[in-house]
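Following: one structure in structure tokens, then a few remarks.
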Amino acid sequence: SLVTGKKILDKALSGHYAIGAFNVHNMETVQAVVNVAIEERAPLIIQTSASTIKYAGAKFLAANVKAAAEDADIPIALHLDHATTYQQVVECIRVGYTSVMIDGSKLPYDENVALTKKVVELAHYAGVSVEAELGKVGGTEDDISVDEREATFTVPEEAVKFIEDTGVDYLAVAIGTAHGVYKGEPKLDFERLKKIRSMVNVPLVLHGASGVPDEGLRNAVVCGINKINLATDLKIPMARTIRDIFMANPDEDDPRKYLGAARDAVEVVVRDKIRVIGCNGKA
Ligand code: 13P
Ligand code: ZN
Ligand code: NA
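Numbering (the UniProt record's numbering), first residue to last: 2 to 284.
Here it is, written out as structure tokens:
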């Protein structure tokens, strides 16, 4: 069933585990993540970026997730990922999203607080939970880019103040991950994460988890992460599968064949990630 992100993440916080939050783009990816989460008994966060909403429409995405969640005996939250405007939040709340991220991380502190606070007020009135970001996660997520040199780590003391100032339900922290693939191995600042964890009482979110080795993901959970965002690691096998089908058979014209195979490929990686993160059996 469809529940708020807060309901899922507060339980993860008190149980010291993390939930996989998977970015989806269409019916097949919604079905892939929900099918696997049901089989693995894993609570699930399904998220769509603002540009995916531009592509598919919030209403269509919400309808897909609601249809999948209706028959699912696990908690599922539908989350808006990296919204940068109040209007994007309004649009998603209107069609039934149960969680939203307002990403004011590129703004000066006071403006980030003001925007986040405004979103928290609206969302809480509507019974929807809110994620915000402090510090800047590097890399590119759809049409949002942060130069690696401009990425800045979250300052623990500032995180405490930000949560007090905004009333946000969970916080995305910048500890060395980046959106998309990595050139080398990412170096995560686990000491900083532990310090933040010891000072704040809300669930913490790790962005840019694709390309982080399994051990790094497990350590992030041990050090206090409760939501792990994965996008690129699902997109790559999906594209590769479709590409392989057309390489082998350029005349393939049955969408059920190539999109069905893509759905199977996404299921494989989602199952693997859920088991690495360790949220299987938590629903
Ligand atoms: P990756 O594409 O690196 O998995 O990042 C996903 C993300 O942070 C979505 O918000
Ligand atoms: Zn992100
Ligand atoms: Na990444």
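We put the beta carbon where it would ideally sit given N, CA and C, even for glycine.
Does the distance from the CB of Met239 to the CB of Ala266 come in under 8 Å? The sequence position of residue 239 within the sequence shown is 238, counting from 1. The sequence position of residue 266 within the sequence shown is 265, counting from 1. Cβ distance < 8 Å, so Met239 and Ala266 count as in contact.
Indicate, with yes or no, if the ligand NA has a heavy atom lying under 7 Å from the CB of Thr141. Along the sequence shown, one-based indexing puts residue 141 at 140. Thr141: no, Cβ never under 7 Å from the ligand NA.
For Thr49, the first and last residue of its enclosing beta strand (DSSP E): Taking the first residue of the sequence shown as 1, we reach residue 49 at position 48. Element bounds for Thr49: 45-50.
Simplified DSSP assignment, three categories, for Asp82: The residue given as residue 82 occupies position 81 in the sequence shown. Correct three-state label for Asp82: strand.
If Gly136 and Thr155 are in contact, beta carbons under 8 Å, what's the gap, nearest whole angstrom? Within the sequence shown, residue 136 is the residue found at index 135, counting from 1. Within the sequence shown, residue 155 is the residue found at index 154, counting from 1. That pair is a contact at about 3 Å.
Continuous beta strand (DSSP E) stretch holding Asn202: start and end: Translated into the one-based positions of the sequence shown, residue 202 becomes position 201. Per DSSP, Asn202 belongs to no beta strand (DSSP E) and is neither H nor E.
Enclosing alpha helix (DSSP H) for Glu268 [first to last residue]: Stepping through the sequence shown from its first residue, residue 268 is reached at position 267. That run of the alpha helix (DSSP H) goes 256-278.
How would you label Asp82, buried or exposed, when you count the other beta carbons within 10 angstroms and need 16 or more for buried? Indexing the sequence shown from 1 puts residue 82 at position 81. Buried, because 16 or more other Cβ atoms sit within 10 Å of the Cβ of Asp82.
What are the start and end residues of each continuous alpha helix (DSSP H) run of 4 or more residues lying completely inside the stretch 133-200, in chain order? 157-167, 191-200
Would you mind giving the Cβ-Cβ distance between Lys7 and Ser130, rounded to the nearest angstrom? I have them listed as a contact below 8 Å. Numbered from its first residue, the sequence shown carries residue 7 at position 6. Numbered from its first residue, the sequence shown carries residue 130 at position 129. Right, the Cβ-Cβ distance comes to about 4 Å (below 8 Å), so this counts as a contact.
Would you be able to state if there are at least three C-beta pairs under 8 Å between the stretch 28-35 and the stretch 78-98? no
Coarse secondary structure for residue 1, derived from DSSP in three states: Not covered by the structure: residue 1. The range shown for the chain is 2 to 284.
When the Cα atoms are used, what is the spatial distance from Leu235 to Ser199? By one-based count along the sequence shown, residue 235 stands at place 234. By one-based count along the sequence shown, residue 199 stands at place 198. Going from the Cα of Leu235 to the Cα of Ser199 covers about 32 Å.
Counting pairs of Cβ atoms below 8 Å between the stretch 76-92 and the stretch 111-128, do you hit three or more? yes
In angstroms with no decimal places, state the Cα-to-Cα distance between Leu10 and Val114. Your numbering for residue 10 matches position 9 in the sequence shown. Your numbering for residue 114 matches position 113 in the sequence shown. Approximately 22 Å, taken between the alpha carbons.
Helix, strand or coil for Gly21, going by three-state DSSP, please let me know. Locating residue 21 in the sequence shown gives position 20, counting from the first residue. Looking at Gly21 - three-state DSSP - the assignment turns out to be strand.
Should the stretch 205-218 be regarded as contacting the stretch 162-176, the criterion being three or more beta carbon pairs within less than 8 Å? yes
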